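Okay, structure first, notes after.
There are 2 protein chains.
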Amino acid sequence: MQSFLEETKTYQEVPFTWPKGYKADGVHVGLRKNPNKKDMGWLYSEVPAQAAGTYTTNQFQAAPTKLTKQTINQDHLLQGMVMNTAVANSVTGEQGMIDAKKMQKLAADKMGIDANLVGVASTGVIGENLPMDLIQKGVSQLELLDNDLVTEAILTTDTHPKTISTQIEIDGKTVTISGFCKGSGMIHPKMATMLGFVVTDAKIADGQLQPMLSQQVDKTFNQITVDGDTSTNDMVVTLANGMADNTSISIDDGDNFEKFTDAYNAVLTKLAQDIAEDGEGSTKLVEVNVENAATHADAQKVAKAIVGSNLVKAAIFGEDANWGRIIAAIGQTDAVVDIDHTSVWLNDLPLVDNSHSADFDETVMKEALTDKKITVLVDLNSGTATGQAWGCDLTYNYVRINATYRS
Amino acid sequence: MQSFLEETKTYQEVPFTWPKGYKADGVHVGLRKNPNKKDMGWLYSEVPAQAAGTYTTNQFQAAPTKLTKQTINQDHLLQGMVMNTAVANSVTGEQGMIDAKKMQKLAADKMGIDANLVGVASTGVIGENLPMDLIQKGVSQLELLDNDLVTEAILTTDTHPKTISTQIEIDGKTVTISGFCKGSGMIHPKMATMLGFVVTDAKIADGQLQPMLSQQVDKTFNQITVDGDTSTNDMVVTLANGMADNTSISIDDGDNFEKFTDAYNAVLTKLAQDIAEDGEGSTKLVEVNVENAATHADAQKVAKAIVGSNLVKAAIFGEDANWGRIIAAIGQTDAVVDIDHTSVWLNDLPLVDNSHSADFDETVMKEALTDKKITVLVDLNSGTATGQAWGCDLTYNYVRINATYRS
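Here you go:
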């Protein structure tokens, strides 16, 4: 069965690079013990950039998350972001907000810009206060450089940086979109995911960056799950500084808008997949495509229920084609399901045929399950809508990492 | 802090015994390979009993679950139940219903009663057909005895039978309520849990058994979670055969009704706790009590979110007082939460004090976490309602069991 997702690309994926006008840096200042782990970083645009953000829906929203949201909402402009790992500055009361604002001010002063133009992001253990002496020291060591060390500086239990750059041509001008993020655990975004940053030199028409981000986040970051837990520090921030000097991109201008949206979607999709694939303890990326659903929302819900099922995840880790768990996960949702004509494929092999076992060869299926990427395709036979979600398997290492996280 | 749950008991817990007029049996017939594992069983009442049931909300409801629901709904009477383990007879199409009905008829014939008085329950792998030759052989071996082997015969990955009996006096007559169930995995009931059976010799006023069961299930079985997955075969069935010859119990008769409800609630609560405590791979029972919530629904939601969090569960397995995860789980819900004045205790030790770390001694807390039962108490400071939920820790063994379930 052919995936419904293959289309002609109008963008090019290129090695990670900063779009025009962006500088960054990352340092190790001692927030984490391992001297090889960068633990503070920042990002800077030569001119103020249009900014948009999506933030966790967890009621215990962390101080840096609140502060960044407030800062962006003032005038939808940012010129810099400063980030740290190891300490989330979450559930830290008034002191938390004082510390977040101090971190914002320190970075702004060093960048030589107004504090109102700087966002702050923290990730790590909840409930501990930021060690402000180290934060101050870290900011003093950061420089405006061309390196990509900030993509390392935001990681926690991630095993590698997650980055991507895409480029398009708009009326003869090259526009670059670059994204990086961290993920790994407490990943079940309802608004955004842990920390994600997407920067572009595109010029975007006023007021159109936020709806574009929100729409794409719903299709990408909000469709991944590692463990069903929504973080207090979730945040995706996007900056567009206009330095590509392209004709301004607007929803009223169909072709360029679509081209940009495709390239932008590719960045968010890649980052979302990276987070799922590098979920804590993960050995396999699981992608679920749902088709012939009654509505897009139904398709998204079913896809997410499957990648979110501990039992499905453990079976995939065990390379066991236990399709009853996929069916049980589908049936747990309130999506419209044709319960007598639901079919499932695993890596293109028929697994369930019209709600009956598809008489598959267990040996062939077992072999397919050794792949590093497992694709599940579900046909709900209830309409024409499609949806997608990503997750990972549930492994001994997930338990180990989370049984010993603070030690 | 004193638990809000301590009250004077009006019932007595006694060693497991069948109420008046009930017979049962369990055999090994070969559905499971291990000859020491009973795999078929039944239950019989000398006279038709009032019957009520609650069933899975999973859209892929298994054939035996559908059949039992239909049978009970006809006239709310049952005289027998026949059960098997190893094969769930779920997602088995028309053949599944034919097999379930045949199993019902075989048992009814052997019991010498009408098939319309027999319920059927199956549990095990989804998607496989019942081996009817073995089912037939099993029924031929079952007898009407006083043993409790049926409580073993329904188990899958459970490590031990889950049983309880309570007794009360109603106007000089002894009334017995006995329950048994299986649980272990795919436990996140939205209606009932895997398989639970509660039988009593009480006489209950017409039409009052079903509302009593439904109400108690909401407070007990529906408040446990092992892994967030809702089974296709969930069912709780209760029988009341009236053979205790007590004054009929009715909601209009306050004292006796309350006494019976307390004893009935004790049975369901114990079974629910047993399932949580014996969740797949579990090493610890986790009980969460929520108080000062705006509504009972809020309290139940918050309690279940905490016991349902993989991260909280893994931290408890690791005996790590990572309270940020408890706070994050609370904040994920839409319950009314006073985010600046939420407090948490672990085994009576202050952990979070008004949304700040309670300055606890890590060594003392670590010691408390070595207990086999972990009690989390949450004060939401938002009202006066309370709620409870039960779960277990997330361990390497959960992953092992579920990576290899079909092998």
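Keeping their order, the protein sequence lines are chains Z and W. Just so we're aligned: 209 in full-length UniProt numbering is position 209 of the first sequence, and the numbers increase by one with no gaps anywhere. Just so we're aligned: 273 in full-length UniProt numbering is position 273 of the second sequence, and the numbers increase by one with no gaps anywhere. Ideal Cβ positions, reconstructed from N, Cα and C, are used throughout, including at glycine. Quick caveat: nothing in here was measured; it's all calculated off a predicted structure.
Residue-level contact to chain Z via CB, residue i, 9 Å cutoff
| i | result |
| --- | --- |
| H356/W | yes |
| R325/W | yes |
| N89/W | no |
| N402/W | yes |
| Q300/W | no |
| G80/W | no |
| G279/W | no |
| L149/W | no |
| L117/W | no |
| G242/W | no |
| V337/W | yes |
Inter-residue Cα distance where the pair is residue i and residue j
| i | j | result |
| --- | --- | --- |
| W345/Z | D262/Z | 27 Å |
| F180/Z | A153/Z | 11 Å |
| M97/Z | G331/Z | 44 Å |
| Q141/W | S45/W | 18 Å |
| L268/W | G196/W | 9 Å |
| G383/W | T295/W | 7 Å |
| Q95/Z | H28/Z | 24 Å |
| G254/Z | F260/Z | 10 Å |
| V47/W | V175/W | 16 Å |
| E258/W | Y11/W | 11 Å |
| G26/W | Q388/W | 34 Å |
| D99/Z | D109/Z | 15 Å |
| M40/W | T57/Z | 48 Å |
| residue 453/Z | V312/Z | With chain Z represented from 1 up to 407, any question about residue 453/Z goes unanswered, as that position is not in the structure. |
| G21/W | Y264/W | 18 Å |
| D278/Z | F317/Z | 14 Å |
| R32/Z | K137/Z | 14 Å |
| A51/Z | D114/Z | 15 Å |
| G183/Z | N397/Z | 16 Å |
| E319/W | A358/Z | 44 Å |
| D252/Z | D171/Z | 16 Å |
| T151/Z | V82/Z | 12 Å |
| L349/Z | P15/Z | 34 Å |
| I339/W | S355/W | 7 Å |
Whether residue i touches residue j by CB criterion (9 Å)
| i | j | result |
| --- | --- | --- |
| V62/Z | N89/Z | Looking at the sequence provided, one finds Ala at residue 62/Z rather than Val. Cβ distance < 9 Å, so A62/Z and N89/Z count as in contact. |
| F60/W | V91/W | yes |
| M235/W | P19/W | no |
| T54/W | S178/W | no |
| A266/W | E13/W | yes |
| L78/W | G119/W | yes |
| N256/Z | V376/Z | no |
| L239/W | L380/W | no |
| C392/Z | A314/Z | no |
| S282/Z | T395/Z | yes |
| G308/W | A329/W | yes |
| A385/Z | E291/Z | yes |
| N241/W | V199/W | yes |
Min CB distance residue i to chain W below 9 Å
| i | result |
| --- | --- |
| Y22/Z | no |
| A121/Z | no |
| F260/Z | no |
| E46/Z | no |
| L311/Z | yes |
| E291/Z | no |
Three-pair Cβ contact test at 8 Å for the region 324–333 of chain W versus the region 392–401 of chain W
Not touching, per the Cβ criterion.
Checklist entry - Taking three-plus beta-carbon pairs below 8 Å as touching, is the region 158–165 of chain W in contact with the region 133–143 of chain W? => result Because the criterion of three Cβ pairs below 8 Å is not met, the region 158–165 of chain W and the region 133–143 of chain W do not touch.
Discussion item. Three Cβ pairs or more, each shorter than 8 Å: is that satisfied between the region 356–369 of chain W and the region 364–380 of chain Z?
Written reply: No, they do not touch.
Does the contact criterion of 3 or more C-beta pairs under 8 Å hold for the region 142–151 of chain Z versus the region 112–126 of chain Z? No: fewer than three Cβ pairs fall under 8 Å.
- Task: Determine, using beta-carbon pairs with one atom in the region 294–311 of chain W and one in the region 62–76 of chain Z, whether at least three such pairs fall under 8 Å.
- Result: A contact between stretches requires three or more CB pairs, one per stretch, nearer than 8 Å, and the region 294–311 of chain W fails this requirement with the region 62–76 of chain Z.
| said: For the region 67–79 of chain W against the region 102–116 of chain W, do three or more pairs of beta-carbon atoms, one drawn from each stretch, fall closer than 8 Å, so that the two count as touching? | reply: Contact holds: three or more Cβ-Cβ distances are below 8 Å.
* Looking at C-beta atoms only, is the number of pairs between the region 198–210 of chain Z and the region 241–256 of chain Z that lie closer than 8 Å three or more? -> Contact between the region 198–210 of chain Z and the region 241–256 of chain Z is present, because at least three Cβ pairs lie under 8 Å.
### Task
Could you pull out every unbroken alpha helix (DSSP H) segment of at least 4 residues lying fully inside the region 7–80 of chain Z, listed in chain order?
Those alpha helix (DSSP H) runs which fall completely within the region 7–80 of chain Z and span 4+ residues are 63–75.
Check: Hey, which unbroken runs of the alpha helix (DSSP H) at 4 residues or more fall wholly within the region 277–325 of chain W?
Finding: Assignment of alpha helix (DSSP H) within the region 277–325 of chain W, counting only whole runs of 4 or more residues, yields 296–308 and 310–317 in chain order.
Would you mind listing the beta strand (DSSP E) stretches within the region 192–263 of chain W that are 3+ residues and don't spill past its ends, in chain order? Runs found: 195–200 and 235–240.
Residue ranges of each alpha helix (DSSP H) within the region 324–382 of chain W, 4 or longer:
The qualifying runs are 362–368.
* Which ranges does the alpha helix (DSSP H) cover as unbroken runs of at least 4 residues, wholly within the region 113–152 of chain Z, from first to last along the chain? -> You should have 132–141.
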